[in-house]
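S.K.:
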Amino acid sequence: MKKIAILLVAIMLLTSFAFTGCSSKPAASDNSAGTTQSGSDVIKIGVFEPMTGANAAGGQLEVDGIKLANKLYPEVLGKKVELVMADNKSDKVEAATAAARLVEKDKVTAIIGSWGSSLSMAAGDIVKQAKVPAVGASCTNPLVTQGNEYYFRVCFIDPFQGTVMANYAFDKLKAKKAAIIQEVSNDYAVGLANYFTENFKKLTGDQNAIVAVSNYNTGDQDFSAQLTNIKSKNPDVIFAPGNFTESALVISQARKLGITCPIIGGDTWEVQQFLDIGKDAVEGAAFSTFFATEKPITKESEKFLKAYRDENGGKDPAAVTALGYDAYILILDAIKRAGTTDTVKVRDELAKTKDFEGAAGVITLDENRNAVKSAVIKQVKGGKFVYLDTIQPK
Amino acid sequence: MTLDWLLQHLFNGMTLNMFLQHLLNGISLGSLYALIAIGYTMVYGILRLINFAHGDIFMTATYFAFFGVVTFGMPWYVAFPIVLVMTGLLGMLVEAAAYRPLRDAPKISILISSIGASFLLENLATVIFGGVPRPFPTPEIFTGVVTLGNGLMVQKLIFYIPAVTLVFLVALLYLINKTKTGMAMRAVSKDHETAKVMGINVNRTISLTFGIGSMLAAVGGIMWGMKYPQIAPLMGVIPGLKCFIAAVIGGIGDIKGAVLGGFILGIGEIMLVAFLPNLTGYRDAFAFVLLIVILLCKPTGIVGEKIAEKV
Numbered sequence: 048m049k050k051i052a053i054l055l056v057a058i059m060l061l062t063s064f065a066f067t068g069c070s071s072k073p074a075a076s077d078n079s080a081g082t083t084q085s086g087s088d089v090i091k092i093g094v095f096e097p098m099t100g101a102n103a104a105g106g107q108l109e110v111d112g113i114k115l116a117n118k119l120y121p122e123v124l125g126k127k128v129e130l131v132m133a134d135n136k137s138d139k140v141e142a143a144t145a146a147a148r149l150v151e152k153d154k155v156t157a158i159i160g161s162w163g164s165s166l167s168m169a170a171g172d173i174v175k176q177a178k179v180p181a182v183g184a185s186c187t188n189p190l191v192t193q194g195n196e197y198y199f200r201v202c203f204i205d206p207f208q209g210t211v212m213a214n215y216a217f218d219k220l221k222a223k224k225a226a227i228i229q230e231v232s233n234d235y236a237v238g239l240a241n242y243f244t245e246n247f248k249k250l251t252g253d254q255n256a257i258v259a260v261s262n263y264n265t266g267d268q269d270f271s272a273q274l275t276n277i278k279s280k281n282p283d284v285i286f287a288p289g290n291f292t293e294s295a296l297v298i299s300q301a302r303k304l305g306i307t308c309p310i311i312g313g314d315t316w317e318v319q320q321f322l323d324i325g326k327d328a329v330e331g332a333a334f335s336t337f338f339a340t341e342k343p344i345t346k347e348s349e350k351f352l353k354a355y356r357d358e359n360g361g362k363d364p365a366a367v368t369a370l371g372y373d374a375y376i377l378i379l380d381a382i383k384r385a386g387t388t389d390t391v392k393v394r395d396e397l398a399k400t401k402d403f404e405g406a407a408g409v410i411t412l413d414e415n416r417n418a419v420k421s422a423v424i425k426q427v428k429g430g431k432f433v434y435l436d437t438i439q440p441k
Numbered sequence: 425m426t427l428d429w430l431l432q433h434l435f436n437g438m439t440l441n442m443f444l445q446h447l448l449n450g451i452s453l454g455s456l457y458a459l460i461a462i463g464y465t466m467v468y469g470i471l472r473l474i475n476f477a478h479g480d481i482f483m484t485a486t487y488f489a490f491f492g493v494v495t496f497g498m499p500w501y502v503a504f505p506i507v508l509v510m511t512g513l514l515g516m517l518v519e520a521a522a523y524r525p526l527r528d529a530p531k532i533s534i535l536i537s538s539i540g541a542s543f544l545l546e547n548l549a550t551v552i553f554g555g556v557p558r559p560f561p562t563p564e565i566f567t568g569v570v571t572l573g574n575g576l577m578v579q580k581l582i583f584y585i586p587a588v589t590l591v592f593l594v595a596l597l598y599l600i601n602k603t604k605t606g607m608a609m610r611a612v613s614k615d616h617e618t619a620k621v622m623g624i625n626v627n628r629t630i631s632l633t634f635g636i637g638s639m640l641a642a643v644g645g646i647m648w649g650m651k652y653p654q655i656a657p658l659m660g661v662i663p664g665l666k667c668f669i670a671a672v673i674g675g676i677g678d679i680k681g682a683v684l685g686g687f688i689l690g691i692g693e694i695m696l697v698a699f700l701p702n703l704t705g706y707r708d709a710f711a712f713v714l715l716i717v718i719l720l721c722k723p724t725g726i727v728g729e730k731i732a733e734k735v
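Going down the list, the protein sequences come from chains A and B.
Take 48 as the starting number for the first sequence in the numbering used here and just add one per residue.
Take 425 as the starting number for the second sequence in the numbering used here and just add one per residue.
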């Protein structure tokens, strides 16, 4: 009797655990009820971003850019553009629900998002079946757009980013041996780690150049065991792709365990919280990203920078904010070229994008719907992100 | 040296030094689990109620500390005691609102109510504090690293946490076994009705139990925040569940058992990652598997005694 009772509790415990991910958080905005018919006087664009959960800070940065773009360009085809917010809660299951709501209930013309490749991939099938084009701002995993005619993005992809960081480790840091600690439940991190590994081995000509590979899960807070294992292998550099919250903890714990080698990562680190949480420990951490305010590239960059600084008291925007901005103006441009809100026609126009001047650089989409762009390397110096180098695509 | 040799040959390249480092990491994680598990087990011991909101009270405490230190600029030695008091009051409020009205309802109703309270706190925190993680303001005095011989590096915190756990363990054992309030708590745990007849204010005693349990959660939260300086509305979920497991492993209701369970779970988790790096992704699963094994083999936990079934 008692055994059964306790087992029952255990089952409840596990289910409550399983459901915490989907416990209802405040929906960002639900103001569109009742206007399901298309052909009304507004054009709806869905904003599909994590606004709560582990990726919230990243999502917020993109939303800032999208809102700024909406403010500067509020109309297209003589109609007002309305942003419909959908919070994907940093959760793959929630992401599918949020995307389905945008295409089915809100009937949006196009979707922007999401920060986090895994979250974007969760929406892949939904936008494909509904034939609604989606433009990712900073999701860099190749699988987001691969085989999906309706997914586009305004950023480069991870095979390029992995090459950039492997080159940086080999050329600039003179590293011969590297260790990897990756967020194994995150498609972005695992993909990036693979491309880094491939290129680093090629560069060093040594099949054993990667001395250790350690994994952790999204949401983990203790990495001491993984780092102790890495420390014993004495690498010259540690490549640690992953979400900024976990990465900041990884780096600070590594320093506390006496690991002194450089630690490098990917674009997800460029978030204020990375600096707040990591404090002194993240000093010197280097990563690849999309855009540096020190190097405005186009006329649109200057317009974007000026508007952003005016609104935020002179503060500089993050790269992903510029990409969120770009995703919005690119969609608007495609709608203008298509001359209609027919989602299939808008998609076709998006696919033809060539030499489009965005804030974070000139966008030309290749046959896989990815932008071909240069990468920027930044480093944390004095508690700030500082521009280091620009790497051109080959 | 033979242990060294054994480790090296059995577990590719693990040295004695590394093993000790892993053990220290495990002890520091385990003592955190122990600290939070004490609060769980105490409430269970007195009320026979598993308070699922414990992990969320723990989370709220870290936010109180954040606002105390960062927003109001209080020094930590002022802020932290205030955090303890406020969290204690929050625990009492949760008890009065979610559990007291169900005092005579079946146990399962109160259990479900505690899950409700847990979700409520999580979502309130998301709305009020925002979903974006914030840094925990660790006081300067608690940071820093100590190097032991042979390149073993440990955070200073690793000495503070077990010390704090020990102090609270002793204080709690004293309170429960030697004081009048403790006697009232024990009486209430045996039988509400009879305790009431004997002139014990049952509501006050239970409220106090929640207050103390929540203060323990606050202490655990502050220590957790210092070790993993990042706070978020859902941060209490996993530690809450793990500490519940720790309490069950030790024998829920037994305070010394909770400490033991905390250490077993903490060290076990670290050693799993240390010796079987390929299974790192199953770290959380390890805790749950351990729970199931314990429930199947020894449902009263390691030190728990067999209690005669009341039904």
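Glycine residues also receive a C-beta, built at the ideal position from the N, C-alpha and C atoms.
#1: Does A/P189 come out as helix, strand or coil in the three-state DSSP assignment?
#2: Kindly list the residues whose CB is nearer than 6 Å to the CB of A/S71, restricted to its own chain and excluding five residues on each side of it in sequence; keep chain order.
#3: How is the beta strand (DSSP E) around A/D172 delimited, first residue to last?
#4: Give every residue of the same chain whose Cβ lies closer than 6 Å to the Cβ of B/G686, excluding the five residues on either side of it in the sequence, and list them in chain order.
#5: Consult DSSP for A/V201 and reduce its assignment to one of helix, strand or coil.
#6: Go ahead and pull the three-state DSSP assignment for B/M577.
#7: Taking only beta-carbon atoms, is B/V556 less than 7 Å away from chain A?
#8: Check the Cβ-Cβ distances between A/K303 and every residue of chain B, and say whether any is below 7 Å.
#9: Comparing the C-beta of B/T486 with each C-beta of chain A, is any distance below 7 Å?
#10: Within this structure, are the beta carbons of A/A142 and A/A103 separated by less than 7 Å?
#11: Is any beta-carbon of chain A found at less than 7 Å from that of B/H446?
#12: Take the Cβ of B/K365 as the centre, count every other Cβ of all protein chains shown within 10 Å, and call the residue buried at 16 or more, exposed below.
#13: From the DSSP secondary-structure annotation, give me the bridge partner or partners of A/F432.
#14: Taking A/I173 as the reference, give the member of A/W162, A/T187 and A/R148 with the closest Cα.
#15: Compare the C-alpha of A/K278 against each of B/L576, B/I474 and B/I552 and name the closest.
#16: Report, in whole angstroms, the separation of the C-beta atoms of A/D283 and A/K219, which I expect to be a contact under 8 Å.
#17: For B/A711, which option in B/P701, B/I673, B/A698 and B/L684 has the closest C-alpha, if you only look at C-alpha atoms?
#18: Compute the distance between the beta-carbons of A/D355 and A/P364, then report whether it is under 7 Å.
#19: How is B/G675 classed by DSSP in three states: helix, strand or coil?
#20: With C-beta atoms as the reference, is B/H737 less than 7 Å away from B/Y464?
#21: Nearest CA to the CA of B/L447: which residue from A/Y375, A/G360, A/Q273 and A/E396?
#22: With a Cβ-Cβ cutoff of 7 Å, do A/G105 and A/V318 count as a contact?
#23: Using only CA atoms, which one of A/L304, A/D314 and A/E109 lies nearest to A/F286?
#24: Taking 7 Å as the threshold (C-beta atoms), are A/V231 and A/F262 in contact?
#25: Give the straight-line distance between the Cα atoms of A/C202 and A/Y120, rounded to the nearest whole angstrom.
#26: Which class does A/A184 belong to by DSSP, given the choice of helix, strand or coil?
#27: Could you pull the DSSP bridge partners for A/Y263 from this structure?
#28: Three-state secondary structure (DSSP) at B/A529?
#29: Can you list the residues of chain B that A/Q107 reaches, using a CB-CB cut of under 7 Å?
#30: How is B/L720 classed by DSSP in three states: helix, strand or coil?
M.R.: A quick look at the data gives this:
#1: The residue given as residue 189 of chain A occupies position 142 in the first sequence. Helix.
#2: To locate residue 71 of chain A, count along the first sequence from 1; it is residue 24. Reliability of the predicted coordinates at A/S71 is poor, the pLDDT of 40 falling under 50, and the value obtained from them is presented with this limitation in mind. Excluding residues within five positions, none has a Cβ falling inside 6 Å.
#3: On the first sequence, position 125 is the one that residue 172 of chain A refers to. A/D172 -> not in any beta strand (DSSP E); alpha helix (DSSP H) instead, spanning S164 to A177.
#4: Translated into the one-based positions of the second sequence, residue 686 of chain B becomes position 262. Excluding sequence neighbours, B/G686 sits near G454, Y457, A458, A461 and A670.
#5: The residue you call residue 201 of chain A lines up with position 154 of the first sequence. It is coil, neither helix nor strand.
#6: What you label residue 577 of chain B is simply residue 153 of the second sequence in a count that begins at 1. The answer is strand: DSSP assigns B/M577 an E or B state.
#7: Here residue 556 of chain B corresponds to residue number 132 of the second sequence, with the count starting at 1. Output row for B/V556: interface = yes.
#8: Taking the first sequence and counting its residues from 1, the one referred to as residue 303 of chain A is at position 256. It does; some Cβ of chain B falls within 7 Å.
#9: As a first step, residue 486 of chain B must be located in the second sequence, where it is residue number 62. False, the Cβ-Cβ gap to chain A never drops below 7 Å.
#10: Locating residue 142 of chain A in the first sequence gives position 95, where the first residue counts as 1. Locating residue 103 of chain A in the first sequence gives position 56, where the first residue counts as 1. Their beta carbons are not under 7 Å apart, which means A/A142 does not touch A/A103 by this criterion.
#11: The residue you call residue 446 of chain B lines up with position 22 of the second sequence. Judged by the 7 Å Cβ criterion, B/H446 is in contact with chain A.
#12: Residue 365 of chain B cannot be examined here, being either before or after the span of chain B that is shown, 425 to 735.
#13: Position 385 of the first sequence, counting from 1, holds the residue named residue 432 of chain A. According to DSSP, residue pairing for A/F432 in a beta bridge involves A/V427.
#14: Position 126 of the first sequence, counted from the first residue, corresponds to residue 173 of chain A. It is A/R148 whose Cα lies nearest to the Cα of A/I173.
#15: Walking along the first sequence from the start, residue 278 of chain A turns up at place 231. Closest by alpha carbon: B/L576.
#16: Numbered from its first residue, the first sequence carries residue 283 of chain A at position 236. Numbered from its first residue, the first sequence carries residue 219 of chain A at position 172. A/D283 to A/K219, Cβ: 12 Å. No contact.
#17: For this step, residue 711 of chain B is matched to residue 287 along the second sequence. Per the Cα distances, B/I673.
#18: By 1-based counting over the first sequence, the position of residue 355 of chain A is 308. By 1-based counting over the first sequence, the position of residue 364 of chain A is 317. Checking the sequence, you will find Tyr at residue 355 of chain A rather than Asp. Closer than 7 Å, so yes.
#19: On the second sequence, residue 675 of chain B is found 251 positions in, with the first residue counted as 1. B/G675 falls in the coil class under three-state DSSP.
#20: In the structure as shown, chain B starts at 425 and stops at 735, and residue 737 of chain B therefore has no counterpart that could be examined.
#21: Position 23 of the second sequence, counted from the first residue, corresponds to residue 447 of chain B. It is A/Q273 whose Cα lies nearest to the Cα of B/L447.
#22: By 1-based counting over the first sequence, the position of residue 105 of chain A is 58. By 1-based counting over the first sequence, the position of residue 318 of chain A is 271. A contact, by the Cβ cut-off of 7 Å.
#23: To locate residue 286 of chain A, count along the first sequence from 1; it is residue 239. In terms of Cα proximity to A/F286, the closest of A/L304, A/D314 and A/E109 is A/D314.
#24: Counting from 1 along the first sequence, the entry for residue 262 of chain A is found at position 215. Counting from 1 along the first sequence, the entry for residue 231 of chain A is found at position 184. According to the sequence as given, residue 262 of chain A is Asn; it is not Phe. Cβ atoms of A/N262 and A/V231: closer than 7 Å.
#25: By one-based count along the first sequence, residue 202 of chain A stands at place 155. By one-based count along the first sequence, residue 120 of chain A stands at place 73. For A/C202 and A/Y120, the distance between alpha carbons rounds to 21 Å.
#26: What you label residue 184 of chain A is simply residue 137 of the first sequence in a count that begins at 1. Three-state result, A/A184: coil.
#27: Start at 1 with the first residue of the first sequence, and residue 263 of chain A comes out as number 216. According to DSSP, A/Y263 bridges with A/E230.
#28: Position 105 of the second sequence, counted from the start, is the residue given in the question as residue 529 of chain B. Correct three-state label for B/A529: coil.
#29: Translated into the one-based positions of the first sequence, residue 107 of chain A becomes position 60. Chain B residues near A/Q107: V556.
#30: As a working mapping, residue 720 of chain B is identified with position 296 in the second sequence. Three-state DSSP puts B/L720 in a helix.
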